[in-house]
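So for the sequence shown, full-length UniProt numbering puts the first residue at 1; every next one is plus one.
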Amino acid sequence: MGNKKLHKEDSPESEILYESSSESESKSESELELNPEGTQILDSDSRPRDDKKRKRSKERRYQHVSEMPKDLREALRRDLFWNQARMPQETQLDIEKTFEVQKDLVVKTIVPNLMKTLDLDTYPIGEGVIYEMIHQRHRHKRDNLRKRKKRSKTINNLKKINDPLIEKFSNEELRPIITENGYHSPEISESEDERNIIIVRNLRWRSSTLRRFLYYVDSNTTKGDKKRERVYKPSEYVEETAPNSAPSWTKSGYDGPLKNPVAKAISKLQNK
1 MGNKKLHKED
11 SPESEILYES
21 SSESESKSES
31 ELELNPEGTQ
41 ILDSDSRPRD
51 DKKRKRSKER
61 RYQHVSEMPK
71 DLREALRRDL
81 FWNQARMPQE
91 TQLDIEKTFE
101 VQKDLVVKTI
111 VPNLMKTLDL
121 DTYPIGEGVI
131 YEMIHQRHRH
141 KRDNLRKRKK
151 RSKTINNLKK
161 INDPLIEKFS
171 NEELRPIITE
181 NGYHSPEISE
191 SEDERNIIIV
201 RNLRWRSSTL
211 RRFLYYVDSN
221 TTKGDKKRER
231 VYKPSEYVEE
241 TAPNSAPSWT
251 KSGYDGPLKN
261 PVAKAISKLQ
271 NK
């Protein structure tokens, strides 16, 4: 008498033999691989997968700012720079230095830390997008720094020649314009390309008197060569708050004694 009985499957494509022996019907309990909790360890094919990670890996991940839809790009820019502003001071870029000399800080510290703060399901991006945005912002800040320094030089030159409009301002009223970047229009580009058009936007908190005054200063500034075309869009505002020490004449709604002299000076310029 044999202890095994062989059965043949009826399928015409194949013949599969089954063993009826109880010893071979399944693995013994001792042969099962158990984890420390006493439950069976699943092999790699039967492990449950992380659906979220799998979904993220299949999604398109943007590698360049120019690839992103405008709404997503603007939302990322707000979150990114909000988080960057809250990083330790030693990880902030120095506006007086070029981006190139601070590149290691960006690549090794700033970008990796910012990647950790972002929701990569909301923002399906690679590190290259963050790098480009930081580069753009630093370049724009340096552009604004140069703009402020150039305007400051012009104001001081106009004071020396007793310009009639400049004489109507006290030193205290002019000092913030000369020493702080926050009063000057931000310049924003949508691409890493140095040849692109720069959009110059308005600051909502600024008065018409300040905007006209800066136009007057620019009209008296020796124009240098501009590498990139600038498009002024006064109807496009940037939502930033006025500096705490901003003089009243610089803030929206101003209707004081400096308003008319500035308006008249601009009218005179335009009628030349």
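Here a beta-carbon is modelled for each residue, glycine too, at the ideal position from N, C-alpha and C.
Fair warning: this is a prediction, and the values are worked out from it, not measured in the lab.
Over the uninterrupted alpha helix (DSSP H) stretch that includes L114, give me the two end residues. Here the question's residue 114 lines up with position 114 in the sequence shown. From DSSP, the alpha helix (DSSP H) with L114 extends over V111 to T117.
Where does R139 sit, in a helix, a strand or coil, going by DSSP? Position 139 of the sequence shown, counted from the start, is the residue given in the question as residue 139. Looking at R139 - three-state DSSP - the assignment turns out to be helix.
On a CA-only basis, which of K147, T179 and R61 is nearest G128? Give me that one, please. Indexing the sequence shown from 1 puts residue 128 at position 128. Comparing Cα-Cα distances from G128 to each of K147, T179 and R61, the minimum goes to R61.
Might you give, ordered along the chain, the residues of its own chain that have their beta carbon closer than 7 Å to the beta carbon of I178, omitting 5 neighbours on each side? As a position in the sequence shown, residue 178 is number 178, starting the count at 1. Cβ neighbours of I178 beyond the five flanking positions: S152 and I155.
How would you call K106, buried or exposed, if buried means at least 16 neighbouring beta carbons within 10 angstroms? Your numbering for residue 106 matches position 106 in the sequence shown. Note on residue identity: the sequence assigns Val, not Lys, to residue 106. It is buried - the Cβ of V106 has at least 16 other Cβ atoms within 10 Å.
Can you give the Cα-Cα distance for T122 and L114, rounded to whole angstroms? The residue you call residue 122 lines up with position 122 of the sequence shown. The residue you call residue 114 lines up with position 114 of the sequence shown. Answer to the nearest angstrom: the Cα atoms are 14 Å apart.
Starting from the C-beta of R73, find all residues in its chain whose C-beta is less than 7 Å away, skip the five residues before and the five after it, and write them out in chain order. As a first step, residue 73 must be located in the sequence shown, where it is residue number 73. Contacts found: V65.
Between the beta-carbon of I161 and the beta-carbon of Y215, is there less than 8 Å? On the sequence shown, residue 161 is found 161 positions in, with the first residue counted as 1. On the sequence shown, residue 215 is found 215 positions in, with the first residue counted as 1. Cβ distance not < 8 Å, so I161 and Y215 don't count as in contact.
Specify the secondary structure class of L203 as computed by DSSP and reduced to three states. To locate residue 203, count along the sequence shown from 1; it is residue 203. Strand.
L210 burial status per 10 Å Cβ neighbour count (16 or more: buried): Indexing the sequence shown from 1 puts residue 210 at position 210. Buried, since its Cβ has 16 or more Cβ neighbours within 10 Å.
Cβ of Q63 within 8 Å of Cβ of G126? In the sequence shown, the residue the question calls residue 63 occupies position 63. In the sequence shown, the residue the question calls residue 126 occupies position 126. Yes, Cβ-Cβ distance for Q63 and G126 is below 8 Å.
Extent of the continuous alpha helix (DSSP H) to which Q84 belongs: Position 84 of the sequence shown, counted from the start, is the residue given in the question as residue 84. K70 to A85 is the extent of the alpha helix (DSSP H) around Q84.
Grab me the residues of P247's own chain with a C-beta within less than 8 Å of its C-beta, minus the 5 sequence neighbours each way, in chain order. Counting from 1 along the sequence shown, the entry for residue 247 is found at position 247. Counting only Cβ-Cβ distances below 8 Å, and skipping sequence neighbours, we find E172, E173 and P176.
Since Q270 is in the alpha helix (DSSP H), which residue starts that stretch and which ends it? Here residue 270 refers to the residue found at position 270 when the sequence shown is read from its first residue. K259 to Q270 is the span of the alpha helix (DSSP H), which, as asked, contains Q270.
Can you pull the DSSP bridge partners for I125? On the sequence shown, position 125 is the one that residue 125 refers to. DSSP lists Y62 as the bridge partner or partners of I125.
Apply the 10 Å Cβ neighbour rule to I95 and answer buried if 16 or more other Cβ atoms are within range, or exposed otherwise. The sequence position of residue 95 within the sequence shown is 95, counting from 1. Counting Cβ neighbours within 10 Å, I95 comes out exposed, since fewer than 16 surround it.
Is the separation between the beta-carbon of L145 and that of N202 shorter than 8 Å? The count along the sequence shown starts at 1 and reaches residue 145 at position 145. The count along the sequence shown starts at 1 and reaches residue 202 at position 202. Their beta carbons are not under 8 Å apart, which means L145 does not touch N202 by this criterion.
Measure the alpha-carbon distance for Q270 versus I166 and round it to whole angstroms. The residue you call residue 270 lines up with position 270 of the sequence shown. The residue you call residue 166 lines up with position 166 of the sequence shown. Looking at the two C-alpha atoms, the distance is approximately 18 Å.
Write down the C-beta distance between T98 and T109 rounded to the nearest angstrom, noting that I regard them as a contact closer than 8 Å. Counting from one through the sequence shown, the residue named residue 98 turns up at place 98. Counting from one through the sequence shown, the residue named residue 109 turns up at place 109. In fact, because the Cβ distance is near 17 Å, the residues do not count as touching under 8 Å.
Integer Cβ distance of L80 from H138, believed to fall under 8 Å: Counting from 1 along the sequence shown, the entry for residue 80 is found at position 80. Counting from 1 along the sequence shown, the entry for residue 138 is found at position 138. Not really, about 13 Å apart at Cβ, beyond 8 Å.
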